Amino acid sequence: MAGTEVITDIDAKSEKQRLAEEKKRLKAEKKEQKKEAKRRAKEIAMQEEELGEDEIGGGVPVFLVTALIVVVWIAILCLLIKLDVGGFGSGVLTPVLKDVPVISKILPTANNEEMVVEEAQDDSYGGYTNLKEAVDYITELELELQRAQSSGAESSEELESLRAEVARLKTFEDNQVEFQRIKTEFYEEVIYAENGPGEEAYKKYYESIDPATAEYLYKQVVQQVEESNEVKEYAQAYSEMKPKAAAGIIEEMTDNLALAARILSVMSAEDRGKILEAMDAKVAARLTKIMDPEY
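For the sequence shown, position 164 (counting from the first letter as 1) is numbered 151 according to our numbering, and the numbering increases by one without interruption.
Okay, here's the thing in structure tokens:
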């Protein structure tokens, strides 16, 4: 009898030691996963910052091109006035602007029209040999401006679209995490507490209360028991698969990450760690957050 008690004490100590090691290993895994999640968050923040800098920097060339186009058009207008094309300079502007300082210098000279034309061609083309060349250059600048504006608009729209999608998905993820936290808290504090009655006891209790309420609650509990058994079967099946193959299947469950998290949570820490390691880092981080709402 004494020998049996000694063996039982040894087994209990061994089990406690095993549980302590398991808990220590789980903490180490959580710590490593948190580091990975922080690293990924930092990378995403840097990428968003780079996109924002590109968006801001793209406005400078557009402004310069626009200013250059305006300057060229002003030069052409001054040239047309100086050449008195269609008599606009001498017949319309000269009576109005002839006494205005500086501006009067662009008006055509009535005494020596040929000299005015020659000087205008030498001094007012701004480096161009003729008017057609200047107009062609303006057209090219306008096309370049349109391309720059189009590229900047597309980059801005893509960035806004990505930010909106991230915000939308973050809402769903936060809701899922909150639901899982409340559910886990209820199970731990009521059903699965140290002195709690457990699922089977709750099932018997629901069978003893009034029929209408009992029917509803009974269905919920039975469904929970069946789902728990199914989850354990899934977990067993995935544990027996190669980690890479199991990770590939779970990654496809992005529309039901809560179920994927439940399956992983009932696995052993070793099997769960191998599968998470083989998964995409972003999906693994989201699953970890669902399994541990305080993460």
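By construction, the Cβ of each residue, glycine as well, lies at the ideal position given by its N, Cα and C atoms.
Predicted model only: the values in this text are computed from it and were never measured.
Q) What's the gap between the Cα of residue 321 and the Cα of residue 244? A) This structure leaves residue 321 out entirely; the chain is present only between -12 and 282.
Classify residue 276 as buried or exposed, calling it buried when 16 or more other Cβ atoms lie within 10 Å of its own Cβ. On the sequence shown, residue 276 is found 289 positions in, with the first residue counted as 1. Result: buried.
Exercise. Would you call residue 161 buried or exposed, if buried means 16 or more other Cβ atoms sit within 10 Å of its Cβ?
Worked result: As a position in the sequence shown, residue 161 is number 174, starting the count at 1. Exposed.
Notebook entry, point to check: Quick one, are the C-beta atoms of residue 95 and residue 71 less than 9 Å apart?
Noted result: Here the question's residue 95 lines up with position 108 in the sequence shown. Here the question's residue 71 lines up with position 84 in the sequence shown. Yes.
Cβ atoms of residue 219 and residue 253: under 9 Å apart, would you say?
As a working note, residue 253 is residue 266 in the sequence shown. As a working note, residue 219 is residue 232 in the sequence shown. Against a cut-off of 9 Å, the Cβ pair of residue 219 and residue 253 comes out as a contact.
*asked:* Using 9 Å as the threshold, is the C-beta distance between residue 279 and residue 17 below it?
replied: Mapped onto the sequence shown, residue 279 falls at position 292. Mapped onto the sequence shown, residue 17 falls at position 30. Yes, the pair counts as a contact, with Cβ atoms nearer than the cut-off.
> Do residue 236 and residue 251 come within 9 Å of each other at the CB atom, strictly closer than that value?
Replying inline: The residue given as residue 251 occupies position 264 in the sequence shown. The residue given as residue 236 occupies position 249 in the sequence shown. In this structure, residue 236 does not lie closer than 9 Å to residue 251 by Cβ.
**Local Cβ density within 10 Å of residue 33, reported as buried at 16 or more and exposed below that** = In the sequence shown, residue 33 corresponds to position 46, counting from 1. Around the beta carbon of residue 33, a 10 Å sphere encloses fewer than 16 other beta carbons of the protein chains shown; the residue is thus reported as exposed.
- Given that a residue counts as buried once 16 or more other Cβ atoms are within 10 Å of its Cβ, and exposed if not, what is residue 68? Against the sequence shown, residue 68 aligns to sequence position 81. Buried, because 16 or more other Cβ atoms sit within 10 Å of the Cβ of residue 68.
**Study point:** Cβ-based neighbour list, residue 55, same chain, cut-off 7 Å, excluding 5 preceding and 5 following
**Key:** In the sequence shown, counting from the first residue as 1, residue 55 sits at position 68. Result list for residue 55: 128, in chain order.
So, is residue 74 buried or exposed, given that buried needs 16 or more other C-beta atoms within 10 angstroms?
Counting from 1 along the sequence shown, the entry for residue 74 is found at position 87. By the neighbour-count rule (16 or more Cβ atoms within 10 Å), residue 74 is not buried but exposed.
Practice task
Could you pull out every residue in the same chain whose Cβ sits closer than 6 Å to the Cβ of residue 269, ignoring the five residues on either side in sequence?
Solution key: Along the sequence shown, one-based indexing puts residue 269 at 282. Correct list: empty, nothing qualifies.
In whole angstroms, what separates the C-alpha of residue 234 from that of residue 131? The count along the sequence shown starts at 1 and reaches residue 234 at position 247. The count along the sequence shown starts at 1 and reaches residue 131 at position 144. Those two C-alpha atoms are separated by around 49 Å.
Could you check whether residue 23 and residue 272 sit closer than 9 Å to each other, using their CB atoms as the reference points?
Numbered from 1 along the sequence shown, position 285 holds the residue referred to as residue 272. Numbered from 1 along the sequence shown, position 36 holds the residue referred to as residue 23. It is a contact, given that the beta carbons lie within the stated cut-off.
Checklist entry - Based on Cα-Cα distance, which residue from 2, 4, 14, -3 lies nearest to residue 257? => result To locate residue 257, count along the sequence shown from 1; it is residue 270. Checking every option, the nearest Cα to that of residue 257 belongs to 14.
List in chain order: all unbroken alpha helix (DSSP H) runs of 4+ residues lying wholly within the stretch 233 to 270. 244 to 252, 256 to 265
- Query: Which value, in whole angstroms, describes the spacing of the CA atoms of residue 134 and residue 50?
  - Reply: Your numbering for residue 134 matches position 147 in the sequence shown. Your numbering for residue 50 matches position 63 in the sequence shown. Taking the straight line joining both Cα atoms gives about 13 Å.
Buried versus exposed, by CB contacts within 10 Å (16 or more), residue 1
Counting from one through the sequence shown, the residue named residue 1 turns up at place 14. Looking at its Cβ environment, which holds fewer than 16 other Cβ atoms inside 10 Å, residue 1 is exposed.
Just mark residue 248 as buried or exposed, buried being the case when its beta carbon has 16 or more other beta carbons within 10 Å.
Working through the sequence shown from its first residue, we reach residue 248 at position 261. Per the 10 Å Cβ criterion, buried.
What's the call for residue 20, buried or exposed, on a 16-neighbour Cβ count within 10 Å? Locating residue 20 in the sequence shown gives position 33, counting from the first residue. Buried, since its Cβ has 16 or more Cβ neighbours within 10 Å.
* Alpha carbon to alpha carbon, what distance is there between residue 267 and residue 27? -> Reading the sequence shown from its first residue, position 40 is the one you call residue 27. Reading the sequence shown from its first residue, position 280 is the one you call residue 267. In a straight line, the C-alpha of residue 27 is about 12 Å away from that of residue 267.
In whole angstroms, what separates the C-alpha of residue 221 from that of residue 144?
What you label residue 221 is simply residue 234 of the sequence shown in a count that begins at 1. What you label residue 144 is simply residue 157 of the sequence shown in a count that begins at 1. The alpha-carbon atoms of residue 221 and residue 144 are separated by roughly 42 Å.
Nearest-angstrom Cα separation, counted from residue 88 out to residue 101
For the purposes of this step, residue 101 is identified with residue 114 of the sequence shown, where counting begins at 1. For the purposes of this step, residue 88 is identified with residue 101 of the sequence shown, where counting begins at 1. Because the pLDDT at residue 101 is just 45, under 50, the model does not fix this residue reliably, and the value given afterwards should be weighed accordingly. Cα to Cα, residue 101 sits roughly 23 Å from residue 88.
*With a 10 Å radius around its C-beta and 16 neighbouring C-beta atoms as the bar for buried, classify residue 149 as buried or exposed.*
As a working mapping, residue 149 is identified with position 162 in the sequence shown. That one is exposed.
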